[in-house]
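For reference, each letter of the sequence shown is one residue, going 4 to 205 in my numbering.
All C-beta atoms in this analysis are idealised placements derived from N, C-alpha and C, irrespective of residue type, glycine included.
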Amino acid sequence: MMEGLDETRIEGDPIKQFQLWFEQAIAAKLPMPDAMSLATVTPDGRPTARMVLLKQVDDEGFVFFTNYQSAKARQLEINPYAALVFYWPQLEQQVRVEGKVNKTSAEESSAYFKTRPRESQIGAWASPQSEVISAREVLEQRARELSEQYCDREIDCPVHWGGFRLKPDRIEFWTGRVGRLHDRLLYELQPDGTWTIKRLAP
Ligand SMILES: Cc1cc2nc3c(=O)[nH]c(=O)nc-3n(C[C@H](O)[C@H](O)[C@H](O)COP(=O)(O)O)c2cc1C
Numbered sequence: 004m005m006e007g008l009d010e011t012r013i014e015g016d017p018i019k020q021f022q023l024w025f026e027q028a029i030a031a032k033l034p035m036p037d038a039m040s041l042a043t044v045t046p047d048g049r050p051t052a053r054m055v056l057l058k059q060v061d062d063e064g065f066v067f068f069t070n071y072q073s074a075k076a077r078q079l080e081i082n083p084y085a086a087l088v089f090y091w092p093q094l095e096q097q098v099r100v101e102g103k104v105n106k107t108s109a110e111e112s113s114a115y116f117k118t119r120p121r122e123s124q125i126g127a128w129a130s131p132q133s134e135v136i137s138a139r140e141v142l143e144q145r146a147r148e149l150s151e152q153y154c155d156r157e158i159d160c161p162v163h164w165g166g167f168r169l170k171p172d173r174i175e176f177w178t179g180r181v182g183r184l185h186d187r188l189l190y191e192l193q194p195d196g197t198w199t200i201k202r203l204a205p
């Protein structure tokens with residue numbers, strides 16, 4: 004059983020607290036500690052969720068990268084509110100993050116794109132994410148053609164590909180405790196930029 008959450012010992016800034024837990028999850032060699040569920044809402048009010056990878060986290064927020072023509076990106080264009088959930092079972096920890104997203108700058112997206120493996124770069128060009136395709140072969144054919152076309156040349160970041168940064172206004176830390184009396188501490192951003200911390204019943 005993990006150490007609990009104590010209001011008097013927890014960081015006053017939830018991003019710092021997240022970084023602390025995230026570093027512990029990495030140090031514990033958990034499989035994919037950076038995997039997070041991203042929930043968005045469709046224009047008709049239906050929640051929809053999928054996994055994405057956290058690529059950066061700092062005072063500005065939580066960053067993931069995707070196709071700007073994907074279902075999630077289209078939903079975020081219309082309603083920029085989103086929610087993230089991390090779950091690290093071996094540590095009995097969950098983190099829930101809520102807030103509003105903005106696109107990362109083209110420079111930031113392009114800088115990250117450059118660091119990606121070549122196959123992923125080809126994939127970003129080849130795959131019309133979230134669209135119906137007639138067969139897997141169509142995708143493989145496109146990837147082959149692009150590979151030949153680019154040959155050894157550097158692959159540019161597509162304009163339809165880039166990041167979103169979720170700037171949180173609510174972050175909840177959950178940790179498993181004995182007898183199901185789990186700890187939950189909720190940080191809420193106040194209009195003056197400070198965070199309040201409330202304990203919630205498990
Ligand atoms: C562990 C894991 C990590 C993933 N990471 C990403 C990611 O960082 N970006 C992304 O666009 N899709 C990622 N995916 C795929 C998405 O879950 C999803 O299938 C895809 O983005 C299309 O979602 P959409 O149609 O709702 O836009 C990941 C899937 C898994 C299982």
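Should residue i be counted as a contact of ligand 3 given a C-beta to heavy atom distance under 7 Å?
i, result
"LYS75", "Among the ligands present in this structure, namely ligand 1, ligand 3 is not found."
How should residue i be labelled, buried or exposed, when 16 other C-beta atoms within 10 angstroms of its C-beta is the threshold for buried?
i, result
"MET4", "Here MET4 scores only 46 on pLDDT, less than 50, and its place in the model should not be relied on; the value that follows carries that caveat. Burial call: exposed."
"LYS19", "exposed"
"GLN78", "buried"
"MET54", "exposed"
"ALA31", "exposed"
"GLN2", "Residue 2 lies beyond the residue range present for the chain, which begins at 4 and ends at 205; the question has no answer from this structure."
Taking residue i as part of the beta strand (DSSP E), name the residues at either end of that continuous run.
i, result
"ARG2", "For residue 2 there is no data in the structure shown, the boundaries of the chain being 4 and 205."
"THR51", "50–56"
"LEU87", "84–91"
Confirm the yes/no value for this check: CB of residue i, any heavy atom of ligand 1, distance under 7 Å.
i, result
"GLN132", "yes"
"VAL55", "yes"
"PHE68", "yes"
"ALA38", "yes"
"THR118", "no"
"THR51", "yes"
So the alpha helix (DSSP H) residue i belongs to, where does it begin and stop?
i, result
"LEU8", "Unbroken run through LEU8: none, as it is neither H nor E."
"THR118", "109–118"
"VAL181", "Per DSSP, VAL181 belongs to no alpha helix (DSSP H) and is neither H nor E."
Nearest CA to the CA of residue i: which residue from the options?
i, options, result
"LEU184", "PHE167, PRO171, PRO205", "PRO205"
"GLY102", "GLU148, SER113, ALA109, VAL88", "VAL88"
"GLN59", "PRO36, ILE200, ALA30", "PRO36"
"ILE2", "TRP164, ASP47, GLN72", "No statement about residue 2 is possible, as the shown extent of the chain runs from 4 to 205 and does not include it."
"PRO194", "GLY166, PRO171, THR178, GLU148", "PRO171"
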